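If you read the sequence shown in the working numbering, its first letter stands for residue 13, the second for the next number, and so on. Each residue gets a CB set at the ideal place from its N, CA and C atoms; glycine is no exception. Predicted model only: the values in this text are computed from it and were never measured.
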Amino acid sequence: MTGTNRLPSPANLALSRQEDFKAFADGPRRNRPELLAMAQLAALSSGAKAEYNRLRREWHANPGPIRTPQLSELHEYLWDIIDTNLQDGDKAKGAVAVDAFPGLGKTTSVLAFAQEFHRREIAEQGEFTARGHERLPVCRVGLTCAP
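Quick look at the structure:
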């Protein structure tokens, strides 16, 4: 990135960095490319057609979480845990572990929830604490496991 204030591309985010998670949570959503008829596609210049095809590939490669009943149930459960974690600092708080076979959407589901949580906390409490520090509602820690 140069000296501009542009957000990094969603393809280049490392969500364990606070700047990148914030860009992920606060950034604009992907826009679906306009559907073009065959005649419209044929009328595009080679450069415009290449750009259109790139946008389509990116759109189809990043469908976002699909709100299945299982995802909705998981998010409802996570909100229940989060919303009841208002104990003072000296009290134990509830926690959640999401476990399933690889490729079933654990990370995608939890990141979608974390994004919603981040937005809610910033909307309710502001971007900065009373002492002027940046508010970071979410800390993503990736874990790996070897069988």
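F140 is bridged by DSSP to E146. Taken in chain order, the whole alpha helix (DSSP H) runs of length 4 or more contained in the region 70-104 are 81-95. For the 8 Å CB-CB criterion, P77 and L83 form a contact. Residue state for F113 is assigned as coil, using DSSP reduced to three classes. Taking all protein chains in view, the Cβ of A109 is surrounded by fewer than 16 other Cβ atoms within 10 Å, so the residue is classified as exposed.
Here the alpha carbon of L56 sits roughly 10 Å from the alpha carbon of M50.
Separation of R44 and E70 (C-alpha to C-alpha, rounded to the nearest whole angstrom) is 9 Å.
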